[in-house]
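For the first sequence, numbering that gives the first Met the number 0 gives the first residue as 0, with consecutive numbering after it. No residue lacks a Cβ here, since even glycine has one placed at the ideal position from N, Cα and C.
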Amino acid sequence: MPELPEAEFGRKLAERTLGGRSIVRVRCARDTIVFDGVSPTRVQRALQGRVVLAVHRWGKYLWFQLDQRPWPLFHFGMTGSFRVPHQAVLELASSPRRPSGEWPPRFTKIHLVVDGGGELVMTNARRLGRIRLRDDPRNDPPVGRLGFDPLLAMPKSREFAELFGKRRGNVKAVLLDQRFAAGVGNWIADEVLFQAGIDPRRTAESLGENEVRRLRAKLGHVIRAAVRVDANKARFPASWLFHHRWGKQSTARTSNGERIEHITVAGRTTAWVPTRQL
DNA sequence: CTCAGTGTTCAGTG
DNA sequence: TCACTGAACACTGA
């Protein structure tokens with residue numbers, strides 16, 4: 000699930016559920032991988048009794064601003080999400096399948112209950128997600144090493160071109176590099192390049208001024224559009240590559256009938272349209 | 001049964 | 001320092 004729009008949806012969900020509340024109960028799974036550099040017990044102690052003042056996001060990372068440090072820092076990996084007890088509308092947006100009746104859900108790593116009865120869990124089936132504690136999540140690593148957040152702090156055109164100009168390697172690798180733009184993942188990178196009409200294998204230095212401007216504009220556009228619909232894929236515009244990219248094989252076509260090809264770029268499966276991306 | 005996958009990090013190489 | 005590759009992590013679903 001998790002690229003910037005999914006993380007932003009999780010942020011809103013957490014803030015709506017926990018904001019201004021004090022945490023009255025914490026249950027942590029015994030998981031020594033997802034809890035990274037800190038025991039589940041220590042996380043439990045750090046959160047128990049604290050007030051959640053706000054929930055913040057940078058790129059794909061989320062953290063709680065509490066009335067006392069350290070603060071918890073979350074990353075969803077490839078399969079994680081924040082969930083709250085059955086709320087049909089929200090479930091639709093966060094999980095494509097499984098109406099799921101069980102609570103807490105399977106693969107729950109942390110389960111929070113706040114005063115007033117609100118509840119939130121983080122699930123993580125594949126265990127590539129992480130829960131950490133940080134004194135200053137925004138500035139400590141790993142968040143401190145991230146580049147700009149395209150939703151919160153998109154650089155002006157000129158600065159964007161400057162940052163981009165320092166990069167080597169192919170343009171898709173640059174988009175995926177979290178030290179450049181925080182929050183871009185595989186499908187967003189492909190979608191942006193598709194809409195900008197740029198071949199993902201092109202080197203960064205081969206792009207002209209107009210292409211760099213287009214790249215910036217589409218990056219902002221794709222992310223804002225996905226955030227606007229709470230990362231609900233069914234509501235992404237019909238023209239997006241996203242809906243067709245998994246057609247796999249030679250049958251995959253865009254809404255205009257153009258052939259979609261699958262290749263490996265920057266070590267990731269890449270869907271692109273050779274007739275449109277030059 | 002096998003393999004790829006909406007991610008990150010690290011080791012090794014050039 | 002930078003960039004690239006491959007592997008590791010863990011598990012599900014095609």
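Between the options, which has its C-alpha nearest residue i's C-alpha?
i: E257; options: V173, R223, L127, W239; result: W239
i: W57; options: A180, R167, E190; result: A180
i: I274; options: A225, F193, H242; result: Inspection of the sequence shows that residue 274 is occupied by Thr rather than by Ile. It is F193 whose Cα lies nearest to the Cα of T274.
i: P69; options: D139, V264, G146, R10; result: D139
i: T31; options: I130, K11, T253; result: I130
i: I187; options: L174, R144, I109, Q43; result: L174
i: N123; options: C27, Q276, L277, S21; result: C27
i: V33; options: I109, L145, P104; result: I109
i: R44; options: L111, P84, L218; result: L111
i: P141; options: M77, R178, V25, R213; result: R178
i: M121; options: T202, R252, W62, D176; result: W62
i: R144; options: R157, V272, D176, K155; result: D176
i: T202; options: L52, K171, L214; result: K171
I need the boundaries of the beta strand (DSSP E) containing residue i, first residue and last residue.
i: R131; result: 129-133
i: P71; result: 70-74
i: I22; result: 22-27
i: E118; result: 118-123
i: I109; result: 107-113
i: F34; result: From DSSP, F34 is part of no beta strand (DSSP E); its letter is neither H nor E.
i: T269; result: 267-271
i: V54; result: 51-57
What's the C-alpha gap between residue i and residue j?
i: L46; j: D35; result: 16 Å
i: P236; j: Y60; result: 26 Å
i: S205; j: D189; result: 18 Å
i: A6; j: H261; result: 26 Å
i: S94; j: T250; result: At S94, the pLDDT of 44 sits below 50, so the modelled position is not reliable and the matter cannot be decided from this model.
i: R234; j: H242; result: 10 Å
i: K232; j: L3; result: 13 Å
i: T269; j: A195; result: 15 Å
i: G266; j: G48; result: 44 Å
i: L119; j: G184; result: 25 Å
i: T263; j: H74; result: 25 Å
i: E208; j: A160; result: 8 Å
i: R20; j: V50; result: 6 Å
i: L218; j: V191; result: 6 Å
i: T107; j: D198; result: 40 Å
i: L89; j: M77; result: Note that L89 has pLDDT 44, beneath the 50 cutoff, so the model's placement of it is unreliable and the number below is only indicative. Between L89 and M77, the C-alpha separation is close to 19 Å.
i: R212; j: V42; result: 43 Å
i: R166; j: R24; result: 46 Å
i: N169; j: F163; result: 11 Å
i: G182; j: G100; result: 30 Å
i: M200; j: A216; result: Sequence inspection shows Arg at residue 200; the Met mentioned does not correspond to that position. Looking at the two C-alpha atoms, the distance is approximately 19 Å.
i: K11; j: R105; result: 22 Å
i: A230; j: N255; result: 24 Å
i: R29; j: R227; result: 36 Å
i: R82; j: F8; result: 10 Å
i: P154; j: H55; result: 20 Å
Just to confirm the assignment, what range does the alpha helix (DSSP H) spanning residue i have?
i: V173; result: 170-175
i: L61; result: Not the alpha helix (DSSP H): L61 falls in the beta strand (DSSP E), residues 60-65.
i: S156; result: 156-164
i: E257; result: Unbroken run through E257: none, as it is neither H nor E.
i: A181; result: Taken as a continuous stretch (DSSP letters only), A181 belongs to no alpha helix (DSSP H), as it is neither H nor E.
i: A225; result: 208-227
i: R41; result: 39-46
i: T16; result: 3-17
Can you say whether residue i is buried or exposed, counting buried as having 16 or more other CB atoms within 10 angstroms of its CB?
i: D134; result: exposed
i: D114; result: exposed
i: N245; result: It is worth fixing the name first, because residue 245 is Trp in this sequence and not Asn. When all chains shown are included, W245 counts as exposed.
i: Q67; result: exposed
i: W102; result: exposed
i: R97; result: With a pLDDT of 46 at R97, under the threshold of 50, the predicted position of this residue should be treated as unreliable, and no value is reported.
i: L277; result: exposed
i: R15; result: exposed
i: P125; result: Looking at the sequence provided, one finds Arg at residue 125 rather than Pro. Classification of R125: exposed, given that the 10 Å Cβ count is below 16.
i: H85; result: exposed
Quiz item: Do three or more CB pairs link the region 218-229 to the region 23-41 at distances below 8 Å?
Solution: Touching, no.
Self-check item: Three CB pairs or more closer than 8 Å across the region 105-120 and the region 142-161
Solution: Contact between the region 105-120 and the region 142-161 is absent, because fewer than three Cβ pairs lie under 8 Å.
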